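Numbered by UniProt numbering, the letters in the sequence shown go through residues 1 to 335 in order.
All C-beta atoms, glycine included, are put in the ideal place defined by N, C-alpha and C.
A quick note: this is a predicted structure, and the numbers were derived from the prediction, not measured.
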Amino acid sequence: MKRVTDFFAVAPKKQALESAVNKIKTPSPSDVSTKDDSLSSSTSNKESESNKSDLSKTSDWDKEKWVQSLDPETKELLTLEIDTLGSSWLEHLHQEITKPYFIKLKQFLKSQKEKKVQIFPPEKDIYSWSRLSAFSNVRVVILGQDPYHNVGQAHGLAFSVNPPTPPPPSLVNIYKELKSCYPETFIIPKHGSLLKWANQGVLMLNACLTVEAHRPNSHANKGWEQFTEQVIKIILKNNKHVVLMAWGSPAGKRINQIQPGQQHLVLRSVHPSPLSASRGWFGTQHFIKANEWLQTKDLEPIDWHLLPKPKQKQKQLTPPKPDESSNTESEQEKK
């Protein structure tokens, strides 16, 4: 089989073209999101697939050149972002993470780490949302507030927890609402992992991306809110039609500040927490409404089922009972 360069006869152009082809075939390691060995194999595969989707789209932005432009101190502070933010997200957020407020946030997190303060989620999972959901694939955003602050829970997706951790109370109520939306097919899982949603383009984003162990809202007003608000803004700017699920007062206020355009759908309700769910969460049918709207925009609906759908039982046809009156008549005729 002929190489691409065999079709070009001009020698000077041939070398240039071969060089370009080699660059495309062999991206540098910094162009691909870092894989952590401690992630489960299924999660790693899904993140890898998402990153391949990111890398398949050509862009003028040069990550390696941008990294080289950073001063040593900034580069050290942003090591986590450089290594673990999904490539398509970093392209859109690289200017944001060099702003003074974000550098100050990173300095705060560094000081906490030096003091050996336990922070959730683990570092490798802070940006897992960006590796699981390719930027251009996002069509639903679920707004959360604060990561879970107990051991073995938070892993970078709002409302989701890693198996074998059982679903927290808010997620239990989310499952109950899904069961009411799809009573015949939705099976309530014993686990709380929502990875399947993330891989379909559902971005589950907390307002704050870190929290100190056992201290809810301990990282509020440190800079995360400004960053995640910018994440939402760039999604709404670049993705034509997006569903925003704003559950609870804080999420509603964030949506009011962002002011999404009419081309997007906002679904509001009280928070699914047991403290408020009885005041309007149940019966919202947000999952059905989101899919109906996506289909009107010629977008693929989300499969909200987390377990395989049960096989529908075929109804067995019973033979009709003989008509007693007709039998009587036939017997009389014989007589």
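Candidates the options, of which the one nearest residue i by Cα
i	options	result
Phe287	Ile302, Thr296 and Arg279	Ile302
Gln107	Leu80, Lys124, Gly86 and Leu85	Leu80
Lys253	Ser180, Lys75, Leu195 and Ser269	Ser269
Ile188	Gln68, Leu307 and Asp62	Leu307
Asn239	Leu195, Leu194 and Leu294	Leu294
Arg215	Asp60, Pro121 and Glu73	Pro121
Glu292	Lys99, Ile82 and Cys181	Cys181
Leu203	Asn221, Ile234 and Lys190	Ile234
Residue range of the unbroken alpha helix (DSSP H) whose run includes residue i
i	result
Ser130	Ser128 to Leu132
Ala290	His286 to Thr296
Ala198	Leu195 to Ala198
Trp224	Trp224 to Asn238
Asn173	Pro169 to Cys181
Leu70	Where Leu70 is concerned, there is no enclosing alpha helix (DSSP H), given that its DSSP letter is neither H nor E.
Leu90	Ser87 to Leu93
Leu157	That residue, Leu157, is in no alpha helix (DSSP H); it is neither H nor E in DSSP.
Leu205	Segment Val202 to Asn206 is the beta strand (DSSP E) holding Leu205; no alpha helix (DSSP H) there.
Gln112	Pro100 to Glu114
Glu96	First-last for Glu96: undefined, no H or E at that position.
Thr185	Thr185 -> no alpha helix (DSSP H), and no H or E assigned at all.
Thr165	Segment: none, Thr165 is in no alpha helix (DSSP H) and carries neither H nor E.
Beta-carbon spacing of residue i, residue j below 8 Å
i	j	result
Thr185	Lys104	no
Val161	Leu205	no
Pro272	Asn150	no
residue 341	Val231	Look at the range of the chain in this structure, 1 to 335, and you will see that residue 341 is not part of it.
Ile255	Glu229	no
Gly192	Leu209	no
Phe135	His92	yes
Pro169	Pro274	yes
Leu143	Ala251	yes
Leu90	Lys110	no
Pro167	Tyr175	yes
8 Å CB neighbourhood of residue i in its chain, flanking five on each side removed
i	result
Leu267	Val243, Leu244, Met245, Ala246, Thr284, His286, Lys289 and Ala290
Gly152	Val161, Asn162 and Thr165
His264	Leu236, His241, Val242, Val243 and Leu244
Asn299	Inspection of the sequence shows that residue 299 is occupied by Leu rather than by Asn. Same-chain partners within the cutoff: Arg139 and His241.
Asn22	Caution applies to Asn22, whose pLDDT of 44 falls short of 50 and renders its modelled position unreliable; the model cannot decide the point.
Lys75	Val67 and Ile82
Asp60	none
Glu114	none
For residue j and residue i, believed in contact at Cβ under 8 Å, the rounded distance
i	j	result
Gly156	Trp129	5 Å
Tyr148	Thr84	Incorrect: roughly 19 Å between the Cβ atoms, too far for contact.
Asp146	Asn217	6 Å
Trp281	Leu178	The pair is not a contact, with the Cβ atoms about 12 Å apart (cut-off 8 Å).
Ile97	Leu78	6 Å
Ala207	Ile119	Not quite, the Cβ-Cβ distance comes to about 16 Å (not below 8 Å), so this is no contact.
Terminal residues of the beta strand (DSSP E) in which residue i lies
i	result
Leu143	Val140 to Gly144
Ser269	Leu265 to Ser269
Val151	That residue, Val151, is in no beta strand (DSSP E); it is neither H nor E in DSSP.
Trp247	Val243 to Trp247
Chain-order list of residues whose beta-carbon lies under 7 Å from that of residue i (same chain, five-residue window excluded)
i	result
Tyr101	Gly223 and Gln226
Gly201	Ser133, Asn137, Val138, Arg139 and Val140
Trp66	His94
Glu123	Leu80
Lys297	His241
Gln112	Ile119
Chain-order list of residues whose beta-carbon lies under 6 Å from that of residue i (same chain, five-residue window excluded)
i	result
Arg279	Val270
Gly248	His271
Lys116	none
Minimum Cβ-Cβ distance from residue i to chain D less than 8 Å
i	result
Pro301	In summary, chain D is missing from the structure at hand, where a single protein chain is found.
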